[in-house]
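Asks:
2 protein chains.
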Amino acid sequence: MASESLEDIKKTINERLPEKVQVAKIEFEGPQVVIYTKNPEIITDNGDLVRNLAKDLRKRMIIRSDKSVLMEPEKTIETINQIVPEDAHITNVSFDDVTNEVIIEAQKPGLVIGKYGVTSRDIVRKTGWAPKILRTPPIKSEIIGRVRNTILSSSKERKKNLTELGSRIHQSVKYDNDWARLTSMGGFKEVGRSCMLLQTPNSRVLLDCGVNVAGPDEKTAFPFLNVPEFSIQDLDAVIISHAHLDHCGFLPYLYHYGYEGPVYCTTPTRDLMTLLQLDHIDIAHREDNPLPFNVKHVQKELKHSITLDYGEVTDITTDIKLTFHNAGHILGSAMSHLHIGDGAHNMVYTGDFKYERSRLLEPATTRFPRSESLVMESTYGGHEDVQPSRNKAEKELMKTIYQTLNRGGKVLVPVFAVGRAQELMIVLEEYMRQGMIDEVPIYIDGMIWEATAIHTARPEYLSKDLRDQIFHMGRNPFVSDYFVKVQNINERKDIVEGDPCIILSTSGMLTGGNSVQYFKWLSEDERNAIVFVGYQSEGSLGRRIQKGMKEIPLENDEGRTQVYNVRMQVKTVEGFSGHSNRRQLMEFAKRIHPRPDKIIMCHGDPYKTVDLASSVHRSYKIETKTPLNLEATRLQ
Amino acid sequence: MASESLEDIKKTINERLPEKVQVAKIEFEGPQVVIYTKNPEIITDNGDLVRNLAKDLRKRMIIRSDKSVLMEPEKTIETINQIVPEDAHITNVSFDDVTNEVIIEAQKPGLVIGKYGVTSRDIVRKTGWAPKILRTPPIKSEIIGRVRNTILSSSKERKKNLTELGSRIHQSVKYDNDWARLTSMGGFKEVGRSCMLLQTPNSRVLLDCGVNVAGPDEKTAFPFLNVPEFSIQDLDAVIISHAHLDHCGFLPYLYHYGYEGPVYCTTPTRDLMTLLQLDHIDIAHREDNPLPFNVKHVQKELKHSITLDYGEVTDITTDIKLTFHNAGHILGSAMSHLHIGDGAHNMVYTGDFKYERSRLLEPATTRFPRSESLVMESTYGGHEDVQPSRNKAEKELMKTIYQTLNRGGKVLVPVFAVGRAQELMIVLEEYMRQGMIDEVPIYIDGMIWEATAIHTARPEYLSKDLRDQIFHMGRNPFVSDYFVKVQNINERKDIVEGDPCIILSTSGMLTGGNSVQYFKWLSEDERNAIVFVGYQSEGSLGRRIQKGMKEIPLENDEGRTQVYNVRMQVKTVEGFSGHSNRRQLMEFAKRIHPRPDKIIMCHGDPYKTVDLASSVHRSYKIETKTPLNLEATRLQ
Ligand SMILES: [Zn+2]
Ligand SMILES: [Zn+2]
Ligand SMILES: [Zn+2]
Ligand SMILES: [Zn+2]
Ligand SMILES: [Zn+2]
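Structure follows, in structure tokens:
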């Protein structure tokens, strides 16, 4: 239990470490135990020792160097360059003198670590600095640069926050864990503004904090933060399942209004979330409809972020342990397993998930240590939600592209920046490389490029197939020459006036962004095609075109309304969704292990939520619940 | 709406009152508007004027005299004695110089009021004092004396509290009433500790605050006041449905821990509640298991009590109006109709109710102005809960009594002090008076006498039959000579050594009180009988005897354990319950008008709650909910 105090832990560590190890101090840093030592090399040379200690203490442990043993920075850089093979392509070395870490950014971080960590241990031994090794993405990412800068430059503040958090988490448990409950604050019997509050007698944890970007006003767009049991001041932790705005878009608001606690997410979620939040603020600002927070609050959020890998068991409050598991939805998307009390209750929240292997990601996990209650999404929970297989969808897409290119046309694919865009890139690269479609430029416009760059920084989170290609075959499909970054209006004009090609551009529903511009330029030529691969919401321009409207009045470049005739081919290809379809949802509910006592449905239209709940109840005899927003449901 | 400010109301009143009326001041006193005037007689002479004003302003209105016009007290008493006919039997006159009211207690208050209020208006005209007329119960009630004293002596403090409350209630509404929800804090899927929190964006109102007297520890006996959305400080109002401890037993706790707001209930509920709470404190004290509050907090509760009659529409918060309706369960038991926002939502909470005429009370109301959601009890909600008719139950009881008396035995009826005891008294009086059973003394032991006295103080709340008897036929069955009050151990000894008789004594389940003593004295004589008319909980002595146990070890008068042989006749008579049986619950759900959109079940064992909910859902196609404690359910 988290109730073990720092004093107890110190005692155990001092007893177990070899006598020659000089421990300078031991601290809690958030959920981690940090050991500062004057001879870090002894500990790093004895990996098993630390691993066993961590296992027995049920704590994450970090070894850092005491200040007194650090080599002078310039000499350290020299030494590192001597130790690390040139092939690693070190692009930057910087120093964090709060944590006494040397941050080494390299194109091949594996070579900085070395086989079984031999190289990185050598760095410790020779320089005293503990290396923190980061991947330099093969495609330069502005966001990752910003995130790393913000975190490095706020190192002192982060350290202070983490130490405070550490002592909060490791207080003793005040009340018996004889109940646990979940308040629906958004995204129940609807899609958008996902947000729920987990409460135990000791803790209050928020799971997701999203916005409904299509909501016409505050009351429909933002989660119900005014529910009586919620107060920003009393909040212990926030967990973000993945980077889509309907799960994280309102998080900066909490930091604006005084939240000083941690937000837990995976590293890719942190990066993609930053990208999408900044873009959201930007768009809202341009549309003169500003959000109730700004860039500063995204920065504050970053300073309070704690990233966790899948499978890392972490104390987040005195009575809750969090473990992330792969959700298969987008890069870094996670299911949250929450272990409450000393096993009093276990809850799994799926977030958005795909229970099927995609090109990009492995299918969602179904095995958990325990799972008395399950909160699952039900986006495609209706009987009728049977999409074609991934394979059939790919064939359908390729047929349309093949025909369009053949007749000398251009293919416009309006697509959401994160997730589906990268999935399509992998598919297109594969088919093109294998000669199934002509080798034409694939133009990557707008935010898609940046999102892709973030994907290339986190190959560990991609599917096994992609990891094999990248790590073992040394071929990263994202950096293929087929892909051409588009940066400005002149390049766009050249593209539409040029030869047959494929264009991926945001927004996915033609509700703004360059996809609308491309549509205007391309729509009247019948050789061209527009292909919809994602959901088009009621009332969006995408939906109107998809439905067959032939005359579309839009503002032209001169600011006047002009009717655009839709002569291009209009095609919809289903099956590329990042969500599980009906069959996959049912399969997941059947296969999740252990079998939950109770399943709570969220993230779906009312009809679909209820349809899925009653099918699961009938088929598997598991109690199901379909709460509304503002309802509180007992877990235990 | 309550949002009308005092300023607006003052303006309207000043415009509408005749010019000659000199208004000294106008104030809010809790939910009421109080007009102080130098010529109260003009207003009281024009009853229609005030009634119309009240109706148009949708406020309860009270006319009081300005200090300057008050006659000197001694002369006032003289004048009152001249005006009021001697038949009224005035027993006390006192003065409240905070409200400028003269409090006249009389055995026949109707004669103090006079036909169409002519006598009471005469008192105002001649003395300046506004009369507050109270009934002197034909059986002296210690509790009513105490309650009246507490209220009169705290008049100044009450006035201050009410003025503050008045300005809180009449603030303008802060937030849109776009939701309303109900948190189950106790008494859901269980019986005992009934407690729920109604929340709107503007208000927090507690409905009932009971204890489970059979609960072995705090966690099972007391409601979940630690539910995160509840805080004593933020509470706007408490409503008590009726006086049973499972609905009001924990109320003093709130006043102990800082609650300074009002508690709304009917007058009989206030009096009976005081009786039962004081008794509860007393018993707990004697058993050396003290409650987390004491007599002082019951007193504080009294000072903050606001009594309402059935049908009085009352603003209790900025956005909630409360109206009580008869529930038919015990004297003063009320269903609460809550009108939220300007009609945004209407909720009805039944409390405990009996949808059948009893000897004592009219059946529960089924007609409400509106009722989108209904919270109803389900104590006897199981399929098997078909009790015999009231008529059959009476016959069964009389047969046993007749036979017992005939063979020279005594009849012991262990009975709960409030409700069933009085019901039985009426039945016994009726049968005895009509010669159906022998005229023998009916001994009324313990708290039953006091509870009966309170019944005689509030004849307005009794059934039409009883009111007809009391008001028109001048015969009050409660004061019949058949009933003999028992006060001490010597009297009890005389009774058991004397002639055949009937004994009503608490406790109803032989879990303490004098019924156990009588049992020990009477059990070994086979001529005697013990008759159970109420529920015997698992493990109680009553249940063991009821089940046929023949040898009962109990502590005797000398403090030693002695085995008592049960030779007396043991009889159970069902059908006297104050709760609706299964058929009546189903009928109520069918007949309540208007038909609710949603029915939430409470106050029942899990199986019965769910059984009733699914039957109602299947039969009437109304959505039903069976929340657990700690769950919050959306109303609107
Ligand atoms: Zn998503
Ligand atoms: Zn989502
Ligand atoms: Zn079912
Ligand atoms: Zn009751
Ligand atoms: Zn009750």
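So the protein sequences, as listed, match chains A and B. Quick note, in our numbering, the first sequence goes up one by one and the last residue is 679. Quick note, in our numbering, the second sequence goes up one by one and the last residue is 679. Note that beta-carbon positions come from the ideal geometry of N, C-alpha and C, so glycine has one too.
1. Closest to residue 249 (chain A) by CA distance: which of A:306, A:219, A:105 is it?
2. If we call anything under 7 Å between Cβ atoms a contact, is residue 463 (chain B) one with residue 354 (chain B)?
3. Is residue 372 (chain B) close to ligand 5? I mean its beta-carbon at under 6 Å from any heavy atom of the ligand.
4. Give a single yes or no on whether residue 395 (chain A) has its beta carbon closer than 6 Å to a heavy atom of ligand 6.
5. Can you give me the Cβ contacts of residue 551 (chain A) inside the same chain, cut-off strictly under 6 Å, excluding the 5 residues immediately before and after it?
6. Using 8 Å as the Cβ pair cut-off and three pairs as the minimum, do the region 397-404 of chain A and the region 362-378 of chain A touch?
7. Using a cut-off of 8 Å between C-beta atoms, extract the partners of residue 674 (chain A) located in chain B.
8. With distances taken Cα to Cα, identify the nearest neighbour of residue 452 (chain B) among B:613, B:642, B:660, B:521.
9. Output yes or no for whether 7 Å exceeds the beta carbon distance between residue 237 (chain B) and residue 219 (chain B).
10. Does the Cβ of residue 477 (chain A) have 16 or more other Cβ atoms within 10 Å, making it buried, or fewer, making it exposed?
11. Any beta carbon from chain A within less than 7 Å of residue 45 (chain B)'s own beta carbon?
12. Kindly indicate which three-state DSSP category residue 321 (chain B) falls into: helix, strand or coil?
13. Between residue 287 (chain B) and ligand 4, is the CB less than 6 Å from at least one heavy atom?
14. Along chain B, which residues have their Cβ under 8 Å away from the Cβ of residue 269 (chain A)?
15. I want to see whether chain B comes within less than 7 Å of residue 671 (chain A), judged by CB atoms only; does it?
16. Suppose only complete runs of 4+ residues qualify. What are the alpha helix (DSSP H) ranges in the region 54-110 of chain A, listed by chain order?
17. Give the list of continuous alpha helix (DSSP H) stretches no shorter than 4 residues that lie fully inside the region 477-545 of chain A.
18. Where residue 380 (chain B) and residue 263 (chain B) are concerned, what is the direct C-alpha to C-alpha distance, given to the nearest angstrom?
19. Can you name the residues of chain A whose CB is closer than 8 Å to the CB of residue 221 (chain B)?
20. Using CA coordinates, which residue listed in A:64, A:63, A:68, A:61 is at the minimum distance from residue 53 (chain A)?
21. With burial defined as no fewer than 16 other Cβ atoms inside 10 Å of the residue's Cβ, what is the status of residue 605 (chain A): buried or exposed?
22. Apart from the five residues on each side of it in sequence, which residues of its chain come closer than 7 Å, Cβ to Cβ, to residue 562 (chain A)?
23. Using a Cβ cut-off of 7 Å, which residues of the region 266-292 of chain A contact any Cβ in chain B, in chain order?
24. Note the first and the last residue of the continuous beta strand (DSSP E) segment covering residue 224 (chain A).
25. Where residue 485 (chain A) and residue 529 (chain A) are concerned, what is the direct C-alpha to C-alpha distance, given to the nearest angstrom?
26. In this structure, how does DSSP classify residue 287 (chain B) when only helix, strand and coil are distinguished?
27. Can you tell me where the beta strand (DSSP E) with residue 687 (chain A) in it begins and where it stops?
28. Looking at the unbroken beta strand (DSSP E) that takes in residue 608 (chain B), where does it start and where does it end?
29. Please classify residue 224 (chain B): is it buried, with 16 or more other beta-carbons within 10 angstroms of its beta-carbon, or exposed?
30. Three or more C-beta pairs under 8 Å: does that hold for the region 148-155 of chain B against the region 106-119 of chain B?
31. When you compare only the Cα positions, how much space is there between residue 128 (chain B) and residue 155 (chain B)?
32. Apart from the five residues just before and just after residue 163 (chain A), which ones in its own chain have a Cβ nearer than 7 Å to its Cβ?
33. Use the C-beta contact count for residue 285 (chain B): other C-beta atoms within 10 angstroms, 16 or more gives buried, fewer gives exposed.
34. How do the region 627-641 of chain A and the region 438-445 of chain A stand: do at least 3 beta-carbon pairs fall below 8 Å, yes or no?
35. Which residue's Cα is closest to the Cα of residue 608 (chain A): A:636, A:323, A:567?
36. Measure how close the beta-carbons of residue 489 (chain A) and residue 557 (chain A) come, nearest whole angstrom, since I'm counting them as under 8 Å.
Replies: This is what the structure holds:
1. A:306
2. no
3. no
4. As far as ligands go, the structure on display features ligand 1, ligand 2, ligand 3, ligand 4 and ligand 5 and does not contain ligand 6.
5. So the list reads 457, 458, 459, 577, once near-sequence residues are dropped.
6. yes
7. 224, 674, 675, 676, 677
8. B:613
9. no
10. exposed
11. Any reading at residue 45 (chain B) is ruled out, since the residue's pLDDT is 43, under 50, leaving its predicted position unreliable.
12. helix
13. yes
14. 218, 244
15. Chain B, which has a Cβ nearer than 7 Å to the Cβ of residue 671 (chain A), makes this yes.
16. 83-88, 90-100, all fully within the region 54-110 of chain A.
17. 490-500, 507-510, 532-540
18. 29 Å
19. Residues of chain A whose Cβ lies closer than 8 Å to the Cβ of residue 221 (chain B) are, in chain order, 262.
20. Out of A:64, A:63, A:68, A:61, A:68 has the C-alpha closest to the C-alpha of residue 53 (chain A).
21. Classification of residue 605 (chain A): exposed, given that the 10 Å Cβ count is below 16.
22. 455, 553, 573
23. So the close ones are 269, 271, 272.
24. 224-229
25. 10 Å
26. Here DSSP, grouped into helix, strand and coil, assigns residue 287 (chain B) to coil.
27. Outside the shown range of chain A, which is 44 to 679, sits residue 687 (chain A), and nothing can be said about it.
28. 604-608
29. buried
30. no
31. 8 Å
32. 155, 156, 157, 174, 176
33. buried
34. no
35. Looking at A:636, A:323, A:567, the one whose alpha-carbon comes closest to that of residue 608 (chain A) is A:567.
36. The pair is a contact, with the Cβ atoms about 5 Å apart (cut-off 8 Å).
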